[in-house]
Structures are given as structure tokens and as C-alpha cells.
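Below: the structure, in C-alpha cells.
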Amino acid sequence: MEKLNVYLADLVGAHAKLQNMHWNVVGEHFKMVHEYTETIYRQLYEYIDKVAEYMVMNGKRPFASLKDFAENTTIAQLKSEEYKAGEVVRYSLAIVRALKESAHEIHEETECYLLQGLLEEQIASYSKHIWFLNSMIQPSHR
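Residue numbers (our numbering): 47 to 188.
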């Protein structure tokens, strides 16, 4: 469950970083990137709740303080300043890839089918976000 608690901290760290970029994105494609980062961080909020509840259902205590989350996340935070849309897409892509990798690692190590199912849903969602974000940074061939 230790890795699951770190994953939970990463979900919280990713949520905070995405929300920061959502508030501070500027430039070309502002609206699209602003809305898409909100889509992702709202989804992560649901995942935070599902992972924490899974832990409690199984007799474990999830991290619950900002201090615990900050000390245990592997997601580096950004300053509150302007970020160009392209930067936000690249940061978002890195975040989603990291979350997918962590979820996949935990999925492979667990024998609990409930946790596997929970993580499979998240991994599938991360895969789609990776596709979308990669598509956003591809050069146009017109």
C-alpha cells in the first residue's frame, strides 16, 4: 500500500500542477488548453477519492494532509506565473505519462482484482489523454 499512497500523493500533486497551469495559461490556443487541463484535473479529483476510499476499505490510512502529499509526491510543482499553451501541453503530457506509469506498476504488482479494475480504468483514461496531448503538439502539415 506504500506505493498506492505515493500514487495518491502524485494524483494530488498532479491535480495542483494542472490547476495552476489552467489558471495561468496564455497565448495561442488558450481556450482549448484552458478547458482541457480542467477536464484532466477534474478527472484526477475523482481518482483521488477512489484511491483513498479503496485504501480505507482495505484497512489502510491514505495520506490526508497537504504536508504528507507535498513530502511524498514525485510531481514537481511550478510557480504561479504565465505559461504558454504549448508549455502547458508538454507539462500535462509528462504528468499523465508519469501517472500512467505509476498506475501500471501498481497494477502489475497487485493481486487484488478490485484494485486492478480501478487502475485499469485510470490507465485507459491516461492512454487517451496521452493521445490527445500528443496530437496537440504535432506540427500541422498544411
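Cβ atoms here follow ideal geometry from the backbone N, Cα and C, with glycine treated the same way.
{"Item": "For Lys125, the three-state DSSP class (helix, strand or coil)", "Value": "coil"}
{"Item": "Inter-stretch contact (C-beta, 8 Å, three-pair minimum) for the stretch 65 to 78 and the stretch 129 to 142", "Value": "yes"}
{"Item": "Residues bridged to Val71 [DSSP beta-bridge criterion]", "Value": "Tyr129"}
{"Item": "Alpha-carbon spacing of Leu160 relative to Trp177, whole angstroms", "Value": "26 Å"}
{"Item": "Check whether Val97 and Tyr53 have beta carbons under 9 Å apart", "Value": "yes"}
{"Item": "The stretch 141 to 154 / the stretch 168 to 184 touching (three or more Cβ pairs under 8 Å)", "Value": "yes"}
{"Item": "Beta-carbon contacts of His68 that lie in its chain and below 7 Å, excluding the five residues immediately before and after", "Value": "His80, Thr83, Glu84 and Tyr87"}
{"Item": "Minimum C-alpha distance to Phe109 - residue among Gln65, Leu124 and Glu48", "Value": "Glu48"}
{"Item": "Cβ distance (whole Å) where Lys77 is taken to contact Gln123 below 8 Å", "Value": "At roughly 25 Å, the Cβ-Cβ gap does not stay under 8 Å, so Lys77 and Gln123 are not in contact."}
{"Item": "Extent of the continuous alpha helix (DSSP H) run through Phe115", "Value": "Leu112 to Asn118"}
{"Item": "Integer-rounded CB distance, given that Ile121 should sit under 8 Å from Ala60", "Value": "5 Å"}
{"Item": "Element boundaries [alpha helix (DSSP H), containing Thr85]", "Value": "Phe76 to Met103"}
{"Item": "Own chain partners of Asn51 with C-beta closer than 8 Å, once the 5 adjacent residues on each side are dropped", "Value": "Met101, Lys106, Pro108, Phe109 and Asn118"}
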